[in-house]
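Just so you know, we're using our numbering here: the sequence shown kicks off at 46 and counts up by one.
Even for Gly, the Cβ is constructed at its ideal location relative to N, Cα and C.
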Amino acid sequence: NHDTRTAYVIYPGAYDGHLGMINGDVDDGGSSDETDFYKIELDEPTIISVRLEPTSNLGVEIYIYDSDSVELASGYSSNVGAATEIMVEAYESGWYFVKLCGYHDCYGDYSLEIGIEELAEQFGTLDIHVNDDAGNPVSGVDINFISRPEGQASLDGITGSDGSVTFNDLKPGSYTFEASKSGYLTGAEDVSVTAEEAAEVHLTVDEEQASGGGIPGFPYASIIAGLVLGAIILVMLQRRQ
């Protein structure tokens, strides 16, 4: 297991191995020389801890990488035979890799302990402010989310006297909401929420234009067309007489 392609699959628990110029065996069928690679698969936010205890004649460097081989943490034995421990907060699911390297041309056995701990999910906050086209706050506006991240519970709210409403404990991701109130045109907005941050949206809603009179329920064009048709019929009747 000399690189990520041949890394030995591990789970939380203790493992023994060997580093040095002479190959040695790793528990459960692995093999080792100057470098050992291990991998562990995670499916939820997790804290990974790696503790290494080498024998008295072994100095070790230790690294943790993500699935893209990006280094997340590293450590080394301060002295030959000294134990070392590193940990990372892993928020993305997938494979993570642990790399062990002997240094100072030394070799020997080691004990490796892998621990995982569930990482509390992080949330964000969204503040929505609704104003009319004159800049005045609009209260009583219904806020309805029509798009939200998978796993996020349904959301709705109403703006208060200051024209605002706050949503807490939101999963990070993209949201789309509509703002509606009788007498105003419905507005919509897209917003992105980030963990442990407060997103803020200012939305302007326009008042609906009044019809300007006429017969209720009938637009001016329909009234005029009706009058013209009536006049034509009246003229035709008069000619027949």
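Distance check for residue j and residue i, CA to CA, integer angstroms please.
i, j, result
"Ala-198", "Glu-98", "45 Å"
"Asp-73", "Ala-240", "Reliability of the predicted coordinates at Asp-73 is poor, the pLDDT of 42 falling under 50, and no value is obtained from them."
"Ala-118", "Tyr-141", "11 Å"
"Gln-254", "Glu-86", "59 Å"
"Val-54", "Phe-82", "9 Å"
"Arg-50", "Ser-114", "11 Å"
"Val-71", "Asp-88", "Confidence at Val-71 is low in this model, with a pLDDT of 43, below 50, so the placement of that residue is unreliable and no value is reported for it."
"Ser-122", "Thr-211", "49 Å"
"Thr-317", "Gly-228", "Within the shown structure, residues of the chain are numbered from 46 to 286, placing residue 317 beyond reach of any answer."
"Ser-219", "Thr-170", "12 Å"
"Glu-116", "Asp-61", "23 Å"
"Glu-252", "Asn-213", "29 Å"
"Val-133", "Asn-189", "38 Å"
"Pro-57", "Arg-96", "11 Å"
"Leu-64", "Tyr-110", "20 Å"
"Cys-146", "Ala-59", "18 Å"
"Glu-234", "Ala-135", "32 Å"
"Ser-209", "Leu-248", "10 Å"
"Ser-112", "Glu-137", "9 Å"
"Leu-44", "Ile-131", "Absent from the structure is residue 44, since the part of the chain shown begins at 46 and ends at 286."
"Gly-180", "Leu-215", "28 Å"
"Gly-126", "Ala-244", "49 Å"
Kindly indicate which three-state DSSP category residue i falls into: helix, strand or coil?
i, result
"Thr-80", "strand"
"Arg-96", "strand"
"Thr-49", "helix"
"Ile-278", "helix"
"Gly-69", "Because the pLDDT of Gly-69 is 42, which lies under 50, any placement of that residue in the model is unreliable, and the number read from its coordinates should be weighed accordingly. DSSP places Gly-69 in strand when its eight states are reduced to three."
"His-63", "strand"
"Gly-74", "Only weak support is given to the placement of Gly-74: the predicted model assigns it a pLDDT of 38, under 50, and the value that follows is read from those uncertain coordinates. Gly-74 falls in the helix class under three-state DSSP."
Below 8 Å on the Cβ atoms is my guess for residue i versus residue j; work out the distance and round it to an integer in Å.
i, j, result
"Val-175", "Thr-204", "5 Å"
"Val-250", "Ile-173", "With 8 Å as the limit, Val-250 and Ile-173 do not qualify as a contact, their Cβ atoms being about 12 Å apart."
"Ser-94", "Gly-160", "4 Å"
"Glu-242", "Thr-231", "Going by Cβ atoms, the distance from Glu-242 to Thr-231 rounds to 28 Å, so no, they are not a contact pair."
"Lys-144", "Thr-80", "7 Å"
"Val-238", "Pro-217", "6 Å"
Hey, could you find the ends of the beta strand (DSSP E) residue i is sitting in?
i, result
"Val-236", "232-238"
"Ala-135", "129-135"
"Tyr-110", "104-110"
"Val-246", "243-249"
"Ala-118", "116-121"
"Glu-169", "Residue 169 is actually Gly in this sequence, not Glu. Residues 169-176."
"Ile-55", "Unbroken run through Ile-55: none, as it is neither H nor E."
"Leu-215", "209-215"
"Lys-144", "139-148"
"Thr-221", "218-225"
"Tyr-155", "153-163"
"Gly-202", "201-203"
"Ser-192", "187-192"
Tell me whether residue i, by its Cβ, gets closer than 7 Å to a heavy atom of the ligand COA.
i, result
"Thr-80", "Ligands displayed in this structure: none; no statement on the ligand COA is therefore possible."
Open item on the list: If contact is defined by three or more beta carbon pairs under 8 Å, each pair taking one atom from either stretch, is the segment 182-197 in contact with the segment 164-172?
Closed with: The segment 164-172 is not in contact with the segment 182-197.
Open item on the list: Quick check: the segment 102-119 against the segment 144-160, are at least 3 beta-carbon pairs closer than 8 Å?
Closed with: Yes, they touch.
TODO: Report yes or no: do the segment 200-214 and the segment 180-188 share at least 3 C-beta pairs separated by less than 8 Å?
DONE: With contact defined as three or more Cβ pairs closer than 8 Å, the segment 200-214 and the segment 180-188 are in contact.
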